[in-house]
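Okay, structure first, notes after.
Number of protein chains: 2
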Amino acid sequence: MSLRQMKKRRSIRQYTGQDISDSLLNELLETAARASNTGNMQLYSVVITRSRTNKEKMAPAHFNQPMVTAASVVLTCCADANRFVKWAEQRKARPGFDNFQIFIAAMIDAIIFAQAFCTAAEEKGLGICYLGTATYNADKIIEALSLPKLVVPVTTITVGWPADTPEQPERLPLEAIIHHETYTDYTSDDINALYKAKEELSINKRYVKENNKETLAQVFTDVRYARANNEYFSEAYLNVLKDRGFID
Amino acid sequence: MSLRQMKKRRSIRQYTGQDISDSLLNELLETAARASNTGNMQLYSVVITRSRTNKEKMAPAHFNQPMVTAASVVLTCCADANRFVKWAEQRKARPGFDNFQIFIAAMIDAIIFAQAFCTAAEEKGLGICYLGTATYNADKIIEALSLPKLVVPVTTITVGWPADTPEQPERLPLEAIIHHETYTDYTSDDINALYKAKEELSINKRYVKENNKETLAQVFTDVRYARANNEYFSEAYLNVLKDRGFID
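Chains as they are written, first to last, in this note's numbering: chain A, 1119 to 1366; chain B, 1119 to 1366.
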């Protein structure tokens, strides 16, 4: 994909329902597997959901976001130390992979794979959407997909042929996310300048109004990512990491 | 980048030393910022290191891997809730972003950005290498880059014009990493079949011999990713997450 195309991309949440062939899907997966990974251990696995029944089974874990059942294919990308450990134990080796640092490496592997897959899929004209809910209700996904110990979902991607052409959402100006040589913390004036365009967008003003809030930030902190939910799902995910063997 | 090119990619660890212009670097960063992120909150920051002094200052944190000082540009990709929290507090909002789930979302954002950047850089002929050491000595990197609370390094990328054309490393066959509908755990025969080609590669046989080991798996479990190191760096990273405010 050219940079010009990459710059025009946006997530797609509505799909035509047209099938994605096995050969195309395999080509995308083969391509994504060429992305970097930790020590070439490939500490990730991807569960492909095509069946309608299984999409419906997973949907509640994703708060019934309609993309799950609308997508042709759902990819659940998992941090996976299980395969490596099974290999090592079969080869007279004594793996010490039941810890947080290995989870972090495996999570990085899974996300790098996911993003390489998304770029490849978009190059072929497909539309994708990431679902952050994979880490909220990981326990339910583990059950739905029969994931063993040392395998934990880290992100879910819905994939299909685009049925709409949504507006590209805004991004903060580049200087908001980039620091040169060392991190320069944001002054109050910096914050005002960096968030001005975002706050003035009519779509964001509408969100504020629809949610009966005073500021756009309140939509995020009170409605979408409220403390109580963040803390509840933090504990839930830490419990999953403990239960799956990545934390003591 | 075409799928054909993406399939041929490999990490590059030797660079010509030729400069990467600001305009090219900015184009790559702008492109990467178009990748997906959590709720369009952009919970990440990237610290760009160009100065030789600062590369040398960071090198020990990366176990003096030569790519750090050889690269034209070093990118330290960070999970960052600091900017969002500063914005929210300035807008009469009460953020609850000091928790593990927000760290996970921010880490995913940072890795997606990193991988989108890498694909864009490779499209332009640059070579990249990920350094997993960013999560090993995160405390040293935090100090070197003056990262504030709620900002934690998750990966480092070295970037430069390629000075070598290494062989493409092997990957496991696709069926090793893909599961259909549910996770099918690996039998002993599966493991033998899936790792056969990898174990028979002459380069991997050489690693076994050079390390005086009996099996390739032992090179990973005894030398490269030994239990004691994994556990030491697990505790170190958890302590960083506590110190930076993402875990109680």
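For each residue, glycine too, the CB sits at the ideal point set by N, CA and C. These figures come from a predicted structure and were not determined experimentally.
Item to complete: Identify the continuous beta strand (DSSP E) that holds T1149/B and give its terminal residues.
Response: Careful: T1149/B lies outside any beta strand (DSSP E), inside the alpha helix (DSSP H) at D1140 to A1150.
Item to complete: Could you work out which residue in K1360/A, M1119/A and A1211/A is closest to A1238/A when comparing CA atoms only?
Response: M1119/A
Worksheet item: If we count Cβ pairs, one from each stretch, closer than 8 Å, do we get three or more for the stretch 1352 to 1364 of chain A versus the stretch 1265 to 1273 of chain A?
Response: yes
Worksheet entry | Cβ neighbours of L1263/A in the same chain (closer than 7 Å, five flanking residues each side left out) | V1165 and T1194
Fill in: M1159/B versus K1331/A: straight-line alpha-carbon distance, rounded
18 Å
Fill in: For E1293/B, the nearest candidate out of N1217/B, V1277/B, A1311/B and T1276/B (CA to CA)
A1311/B
Worksheet item: Name the chain B residues that come within less than 9 Å of E1283/A, Cβ to Cβ?
Response: Checking the sequence shown, residue 1283/A turns out to be Thr, not Glu. Those do not exist, as T1283/A stays about 16 Å from chain B at its closest Cβ, beyond 9 Å.
Worksheet entry | Distance, V1337/A Cα to A1315/B Cα | 53 Å
Item to complete: Leaving out five residues on either side along the sequence, give the residues of the same chain with a beta carbon under 8 Å from the beta carbon of A1354/B.
Response: Y1254, N1255, A1256 and D1257
Practice prompt. List the whole-angstrom C-beta distance separating N1322/B from V1341/B, where the pair is believed to meet the contact cut-off of C-beta under 8 Å.
Written response: Going by Cβ atoms, the distance from N1322/B to V1341/B rounds to 13 Å, so no, they are not a contact pair.
Worksheet item: What residues from the stretch 1151 to 1173 of chain B come within 8 Å of chain A, judged by C-beta to C-beta, listed N to C?
Response: A1151, R1152, A1153, S1154, T1156, G1157, N1158, M1159, Q1160, Y1162, S1163, V1164, V1165, I1166, T1167, R1168, S1169 and N1172
Worksheet item: Between the C-alpha atoms of G1387/A and P1280/A, what's the straight-line distance to the nearest angstrom?
Response: The structure shown has nothing for residue 1387/A, since chain A only spans 1119 to 1366.
Item to complete: Apply the 10 Å Cβ neighbour rule to R1127/A and answer buried if 16 or more other Cβ atoms are within range, or exposed otherwise.
Response: buried
Worksheet item: How long is the line joining the alpha carbons of K1215/A and R1345/B, rounded to whole angstroms?
Response: The residue asked about is misnamed: residue 1215/A is Phe in this sequence, not Lys. C-alpha separation (whole angstroms): 7 Å.
Discussion item. Restricting to runs no shorter than 4 residues, where is the alpha helix (DSSP H) found entirely within the stretch 1206 to 1255 of chain B?
Written reply: 1218 to 1241
Discussion item. One question on the structure: do T1305/B and T1274/B come within less than 8 Å of each other, judged by their Cβ atoms?
Written reply: no
Fill in: Contacts that N1330/B makes with chain A (C-beta to C-beta distance below 9 Å)
The premise fails here: N1330/B is roughly 14 Å from chain A at the closest Cβ pair, so nothing lies under 9 Å.
Worksheet item: Comparing the C-beta of Q1233/B with each C-beta of chain A, is any distance below 8 Å?
Response: yes
Worksheet entry | Cβ of W1205/B within 8 Å of any chain A Cβ | yes
Worksheet item: M1124/B and T1149/A look like a contact to me (Cβ under 8 Å); what is the Cβ gap, rounded to whole Å?
Response: 5 Å
Discussion item. Going by DSSP in three states, Y1343/A sits in which element: helix, strand or coil?
Written reply: coil
Worksheet item: According to DSSP, which residues form a beta bridge with D1198/A?
Response: V1269/A
Discussion item. Below 7 Å, is the gap between the Cβ of L1334/B and the nearest heavy atom of the ligand GTP?
Written reply: Summarising the ligand content, the structure contains no ligands, and the ligand GTP is consequently not present.
Discussion item. Check for me: the beta strand (DSSP E) holding T1167/A runs from which residue to which?
Written reply: Y1162 to T1167
Item to complete: Determine whether the Cβ of S1139/B lies closer than 8 Å to any Cβ atom of chain A.
Response: no
Discussion item. For the pair the stretch 1222 to 1235 of chain B and the stretch 1137 to 1152 of chain B, tell me if three or more CB-CB distances fall below 8 Å.
Written reply: yes
Discussion item. So, with DSSP's three-state summary, where would you put Y1355/B?
Written reply: helix
Discussion item. For G1214/A, would you say it is in contact with chain B, using Cβ-to-Cβ distances shorter than 8 Å as the test?
Written reply: yes
Worksheet item: Counting contacts by CB-CB distance shorter than 8 Å, is V1269/A in contact with chain B?
Response: yes
Fill in: Neighbour list for A1238/B in chain A, Cβ cutoff strictly below 7 Å
L1121 and M1124
Worksheet item: Just checking my contact of A1335/B with A1211/A at CB under 8 Å: how many whole Å lie between their CB atoms?
Response: 4 Å
Discussion item. Let's see if you can read the secondary structure: which residues bound the alpha helix (DSSP H) around I1309/B?
Written reply: S1306 to E1318
Fill in: Expected contact under 8 Å - CB spacing of V1277/A and I1246/A to nearest Å
5 Å
Worksheet item: From which residue to which residue does the beta strand (DSSP E) around I1296/A run?
Response: I1296 to H1298
Practice prompt. With E1075/B as the anchor, note down where its alpha helix (DSSP H) starts and where it stops.
Written response: Nothing about residue 1075/B can be reported from this structure: the residues present for chain B run from 1119 to 1366 only.
Worksheet entry | Identity of the residues DSSP links to G1278/B by a beta bridge | G1245/B
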